[in-house]
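Engineer: Using our numbering, read the sequence shown as starting at 342 and increasing by one per residue.
Where is the CB? At the ideal position from N, CA and C, for every residue including glycine.
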Amino acid sequence: MSQPEPRSSRLQVAALTPIGDAGRAEMIVDRLTGSIVAGAFAFGERLPSESELARLLGVSVVTVREALTTLRSAGLIETRRGRVGGSFVSLTRDDAELMSARALVEMPRVTVADLGLHYEMSSASCAELACQRATDFELDVMSEILATIPALTRDAWRAKVTDIQLELASLSQSVRLTDEHVRIQSQYTPLLALQDADPEAREHTERQLAQQIEAIRDEDIGRARTVVREGIRRSTHWLIAFRQRLVAHSNDEDIRYELQNRGGSVA
342 MSQPEPRSSR LQVAALTPIG DAGRAEMIVD RLTGSIVAGA FAFGERLPSE SELARLLGVS
402 VVTVREALTT LRSAGLIETR RGRVGGSFVS LTRDDAELMS ARALVEMPRV TVADLGLHYE
462 MSSASCAELA CQRATDFELD VMSEILATIP ALTRDAWRAK VTDIQLELAS LSQSVRLTDE
522 HVRIQSQYTP LLALQDADPE AREHTERQLA QQIEAIRDED IGRARTVVRE GIRRSTHWLI
582 AFRQRLVAHS NDEDIRYELQ NRGGSVA
């Protein structure tokens with residue numbers, strides 16, 4: 342089996358932070374399911390061991406084992422025995438997209454809009470602080486990474502874009518604000534990835550990120566906030582329009598058809 346392309350490291354970190362006293366198996370299942378669907382863990386990638394997951398999440402090994410059993414039953418992971426064994430992600434990109442599409446259909450339109458608004462406000466706040474705190478060196482690194490993404494495969498493109506978005510948020514140098522941004526992006530990324538088959542949407546995302554970096558470099562708070570908010574609003578409108586197409590269908594076959602035929606005409 343070929344090695345999976347690297348996923349978003351920041352999303353992996355978000356998935357593996359302690360969940361404290363509320364650390365029930367169901368919570369672990371929800372968190373890991375969201376992270377797998379978001380692409381934080383790639384198809385074929387091995388999860389940390391049971392003991393490592395227990396340590397990272399701050400729960401018992403028994404609780405982790407229960408959660409992994411549920412994930413196996415849902416077809417998200419498979420367990421292999423032996424020296425190189427462990428729990429491996431078995432959810433393909435197509436199946437992950439189907440899960441995201443189902444979630445979009447089941448989400449009321451107002452909830453989609455509210456989630457987009459939450460993400461928009463968080464991103465704009467991070468961009469404002471980044472205008473005051475980011476260094477030219479950090480922005481140069483972001484620009485260099487951004488220049489490489491048009492040539493990437495679709496999966497690698499989404500992973501790299503997510504990392505850039507999270508790194509730009511971290512330039513705010515606010516731990517609490519960045520943590521909140523990571524949390525909301527973990528929820529929003531699986532939905533955002535639905536538009537990755539749309540070349541126009543990908544190009545717009547790349548332009549928006551480039552404009553955001555330049556606005557931060559110029560310390561132009563107003564422009565940075567406007568660029569971020571307009572980009573996220575466009576994505577939210579795309580999702581609402583695509584949801585409108587999906588709600589007409591009641592079975593997976595029709596939803597898969599819409600996924601295969603989405604494009605610039607969606608929004």
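Are glutamine 341 and valine 568 close, meaning C-beta to C-beta below 8 Å?
Structural biologist: The chain is shown from 342 up to 608; residue 341 falls before or after that span and cannot be answered.
Engineer: Taking the CB atoms as reference points, tell me whether phenylalanine 384 and arginine 351 lie closer together than 8 Å.
Structural biologist: Not in contact: phenylalanine 384 and arginine 351 (Cβ atoms no closer than 8 Å).
Engineer: Given this structure, state the Cα-to-Cα distance separating leucine 397 from leucine 373, to the nearest angstrom.
Structural biologist: Rounded to the nearest angstrom, the two C-alpha atoms are 13 Å apart.
Engineer: Taking the alpha-carbon of glutamate 560 as reference, which of Gly423, Glu438, Ala475 and Leu580 has the nearest alpha-carbon?
Structural biologist: Residue Ala475 is the option with its Cα nearest to glutamate 560.
Engineer: Could you tell me which residues DSSP puts in a beta bridge with isoleucine 418?
Structural biologist: According to DSSP, isoleucine 418 bridges with Val430.
Engineer: Leaving out the 5 sequence neighbours to the left and right, which residues in its chain are closer than 7 Å to serine 392 when beta-carbon positions are compared?
Structural biologist: These residues qualify, in order along the chain: Val402.
Engineer: Answer yes if the region 527–535 comes into contact with the region 436–443, meaning at least three C-beta pairs across the two stretches below 8 Å, and no otherwise.
Structural biologist: Segments in contact, yes.
Engineer: Buried or exposed for serine 527, please, with buried defined as at least 16 other CB atoms from any protein chain shown within 10 angstroms of its CB.
Structural biologist: Classification for serine 527: buried.
Engineer: Should leucine 394 and leucine 417 be called a contact, given that it needs their Cβ atoms to be closer than 8 Å?
Structural biologist: It is not a contact, given that the beta carbons lie outside the stated cut-off.
Engineer: Hey, threonine 577 and alanine 379 are a contact pair by Cβ (cut 8 Å); roughly how many whole angstroms apart?
Structural biologist: Wrong, their Cβ atoms sit about 17 Å apart, outside the cutoff.
Engineer: Please go through the region 533–591 and give each complete alpha helix (DSSP H) segment of 4 or more residues, from N-terminal end onward.
Structural biologist: Entirely contained in the region 533–591, the alpha helix (DSSP H) runs reaching 4 residues are, in chain order, 540–558 and 562–587.
Engineer: For phenylalanine 382, count the other beta carbons within 10 Å of its own beta carbon; 16 or more makes it buried, fewer makes it exposed. Which is it?
Structural biologist: It is buried - the Cβ of phenylalanine 382 has at least 16 other Cβ atoms within 10 Å.
Engineer: According to DSSP, is arginine 597 part of a helix, a strand, or is it coil?
Structural biologist: Arginine 597: helix per DSSP, three-state reduction.
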